[in-house]
Structure formats: structure tokens, C-alpha cells
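The structure appears below as C-alpha cells.
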Amino acid sequence: MASRLLSLTSRQAQKLQKCMSSSVSKTGAREVVGYGFNGQHNYADRVDFPMPAVRFLENTPDILALREKEKGDWKKLSLEEKKALYRASFCQTFSEMKAPTGQWKSVVGLTLMISSLSLWIYMAMKTFVYKPLPETFSEERVQAQLQRMIDIRVDPIEGLTSKYDYENNRWK
Amino acid sequence: MSTWGVLGLQNSNSPLMEQLIFFHDHSMVILIMITILVGYLMSTLFFNKLINRYLLEGQLLEVIWTVLPAVTLIFIALPSLRLLYLLDEVGSPSLTLKTIGHQWYWSYEYSDFQDVEFDSYMVPTNDLPLDGFRLLDVDNRVVLPYNTQVRLLVTAADVIHSWTVPTLGVKVDGVPGRLNQTSFFMSRPGLFYGQCSEICGANHSFMPIVLESVNMNTFINWINSQ
């Protein structure tokens, strides 16, 4: 009884191993036609590796017939046949690969939405949460402080009071 | 003192600070040029459509972009070292000011003539006059003569504080059990502000420094009246 359980579990383990093994191919029945971009038999549309390792679609009798016709004069192929041959081996054309996705619109839109949310949060904080500014920020006191800065000659070389005309008591 | 909305350094009140400002401006020119160059390179890369998958090296280019930064660094290092040694020079000061940092006020001692000692506390915001500067004004200012080399000795009584007046280019840590010496020279009269520059507890932001720079006669009258 114990040995039967053991053999059962070992069979399950073997099956599990086979499912998880990387040697199980996802290529299916697709024809291998080259090295591809890394030697794996995967299909990818890439501008910098234009020849994938496998054809895109599995071979059908129709396509095999067209391939035979392709070995002859290409002028005898109609446009539809050329397109069918292309689409059997490839998923996208170069124009389709390089076509703009319009993703930038989502990015900009989402960024602006989140920015406006943060502005709303800031306004709410200012209205409901923060304490009022200290008294020294009142217009009267700021003017008095500015006059004091002029009197003590703050930054007289290139800064504040370098822009003040002391002879005529006004800003330059 | 700092004015509103200003990012740069305060105008100098000391020849050494003037030299520091010149060095800052010189380095800033070089940094702006480097930033524009790198920004331009990055933006051209962005719009470049060329691909070379097998690019490994370019010896001449690599030599150029190693030597040019080294040369640029020489242009920064030489003025920097000159200034470094200039700041360390000793000038024969005529007057000595001793500064002791406490939690949370400064105390000053002038022991050259009579022993003058006093504490300098920040004026609380509620007690400020109409034109008082919030968090900057103090009850007793440090009165010193201008056009005079002054020796500064800084220490602290409890934790580390730091005595600074940006317009003079002076920042000296006050460490308990240690005397740090520096000297400065004020070129013009006026009021010059600074704030404690080493975290020292709850009221670290509320122990400012105010220097009142006056002519020699006024200073002598003041010190006699203390």
C-alpha cells in the first residue's frame, strides 16, 4: 500500500517536472528558419532583429503551395499571394512595428490629472489645515522691515540697497 | 542679511568673502557649461535613430573624454587651493571676541580691556517692534569695529553649536571643551545676521547672531559704557 502510494506520487512528480521543464517547446508546429535574436525558437517583431527564429504561423497546405510558387518568377505572384506569404511568416510589417502608439497621450493625461489632484490637495491643506502666517507677514510690518533694511544698507553692492537712490530717497 | 526671494550669496562684508564669491562664480560658469554640454548630448541621443549593436570601444574618443574633464578639474582646483590657503592665513588681529554657545543662546566676552560679558537671546516674535526681523533680532548685539582684524574664539557650554555670519564668510563650530580660532575683517558698518548652524536641540532655529559693525570711536564708547 505504501509502495503504491509512493509510485503514484513519483509519477505525479514526474508529470509535474515535465510540465515545468524548460525543454517543453512552445514553438508548436512552426517551422524553424534561423537563429533569431537569441537562439531560442521564439517569434518577436523587432526592428533590430528583422529575421525571427520561427515563422509566425504554422504551415498549411495552402501556404506550402504558395512557397513552391515563390520559388519561380515573382512577377507571376499576385499582390494578394505576396501578402499571404508575408503574413504567414511575419506578424507585423515594418510600418506597423514602427507606427506611433499614441501612448504619450495617456502619459500626459494621467500626469496632468495627478498634478491637478495634488493642487487640489494643496488648496485644501491651505484652507483647512495650516495655521495662519505670523504677524510679521502683514503688509504694514513688511514695509517697515523693508525700510529698516534700506536704513541698515543691506546688500549695498549688488543686492537690495544697490537699487535704492539714497540722494533722492526712492528706488532707482 | 538674507532678503526675500534671493537664491544666491549675500553681498560680502569681508575681503575673504569677496574671494569666495568670485570662486563660486567661476566654478558656476564651468558647471553651467558642463551641464549644457551633457544636456545637449543626451538630447541628441534621444532623437538618434542609428543602431550599432556591436559597438565596443573608441579609443580616441575615450582619451578625449578623459583628458578634457581632467583639464577642467585643474581649472577648478587651482583657484580652490589658492583660496583654501588664503583663508588659513593669520593676520595679527587687534581685538579678540570670545563666543560661547549655550542651549539656546550665545554669550560673548570681550576681555582685552575690561571684562565685558553678556548673553544674546533671540527676541520672541510677539515682542518684536513693527520693523523687527522675525527669528533674527536679538536683545544684545555683538558690537565690533570695522576695518579691524578681529580674532574669534568659539566654544560651547553644553552641546555643539556653530557660529556663523554668512556675509563675512565665517562659520565656526563651537565644541564643548575646545576652542576654535578664526579671524575676520569687516569692511563696512551695518547690521549683519547669522543663525546657529549645528543642530543643538529644540530651539536650534531660535538662537541667532547679530553683529553691529561700527566705527572705532563708537566701539570704544560702547565698550566703556558696559
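Chains Y and R, in that order, give the protein sequences.
The numbering of the first sequence is the working numbering, which starts it at 1 and goes up by one.
The numbering of the second sequence is the working numbering, which starts it at 1001 and goes up by one.
The beta carbon of each residue, even a glycine, is placed where N, CA and C say it ideally should be.
Quick caveat: nothing in here was measured; it's all calculated off a predicted structure.
In this chain, the beta strand (DSSP E) harbouring R:S1183 covers N1180 to F1185. Looking at the DSSP output, R:S1162 shares a beta bridge with R:D1173. Taking 4 residues as the shortest admissible run, the region 94-120 of chain Y contains the following complete alpha helix (DSSP H) segments, listed from N- to C-terminal end: 94-98. R:V1138 sits close to R:P1208, with the two beta carbons spaced by under 8 Å. The residues S1107, T1155 and A1157, in chain order, have a CB closer than 6 Å to that of R:I1100 in the same chain once the five nearest residues on each side in sequence are set aside.
Identification of residues in the region 103-117 of chain Y having a C-beta nearer than 9 Å to some C-beta of chain R yields an empty set. At a Cβ-Cβ threshold of 8 Å, R:W1065 and R:C1200 do not count as neighbours. Taking 8 Å as the CB threshold, Y:D48 lines the interface with chain R.
Nearest C-alpha to R:G1008 among R:D1025, R:L1016, R:Q1019 and R:W1222: R:D1025.
Listed along chain Y are I152, R153, V154 and P156, each with a C-beta nearer than 9 Å to that of R:G1190. Inside the region 1030-1111 of chain R, DSSP marks whole beta strand (DSSP E) runs of 3 or more residues at positions 1095-1102 and 1105-1110, from first to last along the chain.
Of all residues in the region 124-143 of chain Y, only P134, E135, T136, E140 and R141 place a beta-carbon less than 8 Å from a beta-carbon of chain R. Rounded to whole angstroms, Y:L85 and Y:I63 show a C-alpha spacing of 7 Å. Taking R:E1117 as reference, the option from R:N1203, R:N1224 and R:W1004 with the minimal CA-CA separation is R:N1224. Interface with chain Y (8 Å Cβ-Cβ cutoff): R:Q1059 is excluded. For the 8 Å CB-CB criterion, Y:D155 and R:N1011 form a contact. Y:E135 is the residue among Y:E135, Y:R67, Y:Y122 and Y:W120 whose C-alpha sits nearest the C-alpha of R:N1126. Identification of chain R residues near Y:R148 by a Cβ-Cβ cut-off of 7 Å yields D1131, ordered along the chain. Taking C-alpha positions only, Y:G28 is separated from Y:E58 by approximately 8 Å. Within 8 Å of the CB of Y:L160, the CB atoms of chain R belong to T1003, in sequence order along the chain. Only residues of its own chain outside the window of five on either side were considered, and among them V54, R55 and E58 have a CB closer than 6 Å to the CB of Y:R30, listed in chain order. When the Cα atoms are used, Y:D48 and Y:V33 turn out to be separated by approximately 17 Å. For the region 1012-1029 of chain R, residues whose beta-carbon sits nearer than 8 Å to a beta-carbon of chain Y comprise S1012. Rounded to whole angstroms, R:F1075 and R:I1030 show a C-alpha spacing of 9 Å. According to the DSSP assignment, R:T1218 belongs to the alpha helix (DSSP H) that extends over M1216 to S1225.
Chain order gives the chain Y residues near R:Q1010 as V154, D155 and G159, where near means a beta carbon separation below 9 Å. Within 7 Å of the CB of Y:Q40, no CB atom of chain R is found; the nearest one sits about 18 Å away. For R:N1013, the number of other beta carbons within 10 angstroms of its own is at least 16, and it is reported as buried.
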